[in-house]
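Residue numbers (my numbering): 11 to 111. Glycine included, C-beta positions come from ideal geometry on N, C-alpha and C. Okay, so here's the structure we're looking at.
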């Protein structure tokens, strides 16, 4: 992907990003998309909590820890969403079903 075709902000699209469900999509697919969305939101909310951690101490992971921390925090958000989350996925699912009628 060349620089001219990158989205604003310089970030590349996620390779395995879920696609938006189409009208008539199954409830299971809609539920999975809503849960994925909640995981992304929770990951974004958790990122600042880990931003101030000192990575220069004796028991720190150094540069490797800094490199992989965003992925770890995102997976924490996904895990919370799989365990029920904040209920955001249920609200998103209801809206998806209401709009697909």
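Could you work out which residue in the options is closest to residue i when comparing CA atoms only?
| i | options | result |
| --- | --- | --- |
| residue 63 | 51, 38 and 76 | 76 |
| residue 54 | 85, 111 and 94 | 85 |
| residue 83 | 58, 46 and 96 | 58 |
In the DSSP assignment, find the unbroken alpha helix (DSSP H) run with residue i in it and report its ends.
| i | result |
| --- | --- |
| residue 97 | Residue 97 -> no alpha helix (DSSP H), and no H or E assigned at all. |
| residue 49 | 37-61 |
CB-CB under 6 angstroms to residue i, same chain, minus the five flanking residues each way: which ones, in chain order?
| i | result |
| --- | --- |
| residue 73 | none |
With C-beta atoms as the reference, is residue i less than 8 angstroms away from residue j?
| i | j | result |
| --- | --- | --- |
| residue 44 | residue 106 | yes |
| residue 48 | residue 89 | no |
Just the Cα atoms here: how many angstroms apart are residue i and residue j?
| i | j | result |
| --- | --- | --- |
| residue 52 | residue 101 | 15 angstroms |
| residue 56 | residue 37 | 28 angstroms |
Just to confirm my understanding: we take residue i, look at its own chain, exclude 5 residues before and 5 after, and list those with CB closer than 7 angstroms. What are they?
| i | result |
| --- | --- |
| residue 103 | 40, 41 and 44 |
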